[in-house]
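Q:
There are 2 protein chains.
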Amino acid sequence: MPHSSSIAESASTHSGFGDFRMTKQRKVVYDVLMDERDHPTASEVFLRAKGKMPGISLATVYNCLETMTQAGLIKQVNVDREASRYCPNLRPHAHFFCSECEQIYDIDLRRHADLEAAWELPEGSRIDHVDVAMKGVCPKCGSATDLSKSEN
Amino acid sequence: MPHSSSIAESASTHSGFGDFRMTKQRKVVYDVLMDERDHPTASEVFLRAKGKMPGISLATVYNCLETMTQAGLIKQVNVDREASRYCPNLRPHAHFFCSECEQIYDIDLRRHADLEAAWELPEGSRIDHVDVAMKGVCPKCGSATDLSKSEN
DNA sequence: ATTTTTATTTAGAATAATTCTTGATCTCAA
DNA sequence: TTGAGATCAAGAATTATTCTAAATAAAAAT
Ligand SMILES: [Mn+2]
Ligand SMILES: [Mn+2]
Ligand SMILES: [Zn+2]
Ligand SMILES: [Zn+2]
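As given, the protein sequences belong to chains A and B, one line each in that order. In terms of the numbering used here, the first sequence opens at residue 160 and continues consecutively. In terms of the numbering used here, the second sequence opens at residue 160 and continues consecutively.
(1) With a threshold of 6 Å on Cβ separation, who are the neighbours of H198 (chain B) within its own chain once the five nearest residues in sequence on each side are excluded?
(2) Is A148 (chain B) buried or exposed, if buried means 16 or more other CB atoms sit within 10 Å of its CB?
(3) Report buried or exposed for L185 (chain B), applying the criterion of at least 16 other Cβ atoms within 10 angstroms of its Cβ.
(4) In the DSSP output, what is G295 (chain A) paired with across the bridge?
(5) Output yes if chain B places a C-beta closer than 8 Å to the C-beta of D178 (chain A); else output no.
(6) Please list the partners that V296 (chain B) has in chain A, where partner means a Cβ-to-Cβ separation under 7 Å.
(7) Kindly say whether E290 (chain B), judged by its beta-carbon, lies nearer than 8 Å to any beta-carbon of chain A.
(8) Beta-carbon within less than 7 Å of A201 (chain B)'s beta-carbon, same chain only, minus the 5 sequence neighbours each way: which residues are those?
(9) Give the interface partners of A272 (chain A) over in chain B, defined as CB-CB distance under 7 Å, in chain order.
(10) What do you get for C257 (chain B), buried or exposed, if any count of 16 or more other CB atoms within 10 angstroms of its CB means buried?
(11) Which residues count as close to ligand 1 when the rule is a CB under 7 Å from any of its heavy atoms, in chain order?
(12) Which residue comes first and which comes last in the beta strand (DSSP E) that contains V236 (chain A)?
(13) Please confirm whether S284 (chain A) and F179 (chain B) have their CB atoms less than 8 Å apart.
(14) Which whole-angstrom value is the C-beta distance of P298 (chain A) and P281 (chain B), which I expect to be below 8 Å?
(15) Note down, in chain order, all residues in the segment 183-194 of chain B with a beta-carbon under 9 Å from any beta-carbon belonging to chain A.
(16) For my contact list, K209 (chain B) and H288 (chain A) are in at a C-beta cut-off of 8 Å; report their separation, rounded to the angstrom.
(17) Is any non-hydrogen atom of ligand 3 found closer than 7 Å to the C-beta of E241 (chain A), if you look at the structure I gave you?
(18) Using DSSP with H/G/I as helix, E/B as strand and the rest coil, what is T200 (chain A)?
(19) What is the rounded straight-line gap between the Cα of D227 (chain A) and the Cα of D265 (chain A)?
(20) I believe R250 (chain A) touches D267 (chain A) by the beta-carbon criterion, under 8 Å. Please report the beta-carbon distance rounded to the nearest angstrom.
(21) By the DSSP assignment, the alpha helix (DSSP H) with R185 (chain B) in it spans what residues?
(22) Could you work out which residues of chain B lie near G210 (chain A), taking near to mean beta carbons separated by less than 7 Å?
(23) Any beta-carbon of chain A closer than 8 Å to the one on R196 (chain B)?
(24) Short of 7 Å in beta carbon distance, which residues of its chain neighbour V296 (chain A), apart from the five on each side in sequence? Order them along the chain.
(25) Would a check of beta-carbon distances place S243 (chain B) closer than 8 Å to chain A?
(26) Drop a sphere of 10 angstroms on the beta-carbon of D290 (chain B), count the other beta-carbons inside from all chains shown, and report buried for 16 or more, exposed for fewer.
(27) Quick one: Cα of V238 (chain B) to Cα of R240 (chain A), how far?
(28) Of all Cβ atoms in chain A, is any one closer than 8 Å to the Cβ of L249 (chain B)?
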């Protein structure tokens, strides 16, 4: 048996595809997302990936992010019309976007919380996916802003 | 007293701005959204607006949608990376996107439902806005699909 | 091991939604 | 009426993303 076996090393296992290959490039892109779980954009992933594999191209980064999203290994996260960001956290979670530091934070669902119960869904709707995005100010920026506002 | 007084006829009243003018073009764009509350894109609004005001330009439609969004008269709705759609429904509501008919439906919040309670928000977070988007199949398409699937 | 097939990578061109620029036109208020 | 600021309009520019086509790499078949 060879060395470590992470989720990223088993190929077609996790996808809905019969043929998803965890290539060197895809591994690098996946590792970039796992290294810093800060929801980078494709361009940011590209820059970081070049550190590990100088020859990789932006097109390939886009390809990898696309196929891995399709395969369900990562998630694409959209905030308004900004560039898509990517997230390797597969638990169901919401995203909190701090408008001060422009960081995106993962927000976990409370146990037993029923998301769909809060909504007046028409009878017979089939829900495949629920996307929750919150905007505001994170605790760190909130206290910093409070201080700068009181000193005037 | 002249004719009807809708929300769209009072100018700076509803905005955070000191100077928002409800111009002829903005009224046309607003009325397009009110006429068919189906979340059209900017291009769709443009086509419909030309019916009421042939000389209007796409740039102006974009400008109107932008300023009216800023003013809080309408909402911008984003589904994935697709073109933004626009919605004049100011009540807090979620959006349901049917992947069959590609229609967007407004989903109202149940009374007394507490959206933020479902999430493990870090202490001290300030939430300004919560965005909920659901994807699936609407009742109409759901039953239609069932029939076409069983006849084979 | 060699060939064949298929998937993937890559660079650059193309696309599409949106934003920007600039000058004309309109509106408000002095 | 006149001047300042707001808005409109046409087209250029931007930007994230997708597409294209040829080269490369990996898997399967021989
Ligand atoms: Mn996330
Ligand atoms: Mn709506
Ligand atoms: Zn912050
Ligand atoms: Zn439908």
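Glycine residues also receive a C-beta, built at the ideal position from the N, C-alpha and C atoms. What you are looking at is a predicted structure, and each value in this text was computed from that prediction instead of being measured.
A: Inspection of the coordinates gives the following:
(1) V236, R244, C246 and I263
(2) Residue numbering for chain B in the displayed model covers 160 to 311; residue 148 (chain B) lies beyond these limits and cannot be assessed.
(3) Inspection of the sequence shows that residue 185 (chain B) is occupied by Arg rather than by Leu. Flag for R185 (chain B) reads buried.
(4) A:C257 and B:I286
(5) no
(6) R285
(7) Rather than Glu, the amino acid found at residue 290 (chain B) in this sequence is Asp. By this cut-off, D290 (chain B) is an interface position.
(8) V220, Y221, L224, A242 and S243
(9) A277
(10) buried
(11) A:H198, A:K234, A:V236, A:C246, A:N248, A:H252, A:H254, A:I263 and A:D265
(12) K234 to V236
(13) no
(14) 5 Å
(15) none
(16) About 35 Å; that fails the 8 Å criterion.
(17) no
(18) strand
(19) It should be pointed out that residue 227 (chain A) corresponds to Met in this sequence rather than to Asp. Taking the straight line from one Cα to the other gives about 19 Å.
(20) 7 Å
(21) K183 to D194
(22) What G210 (chain A) touches in chain B: nothing, since even the nearest Cβ is about 27 Å away.
(23) no
(24) C257, S258, E259 and T304
(25) yes
(26) buried
(27) 10 Å
(28) no
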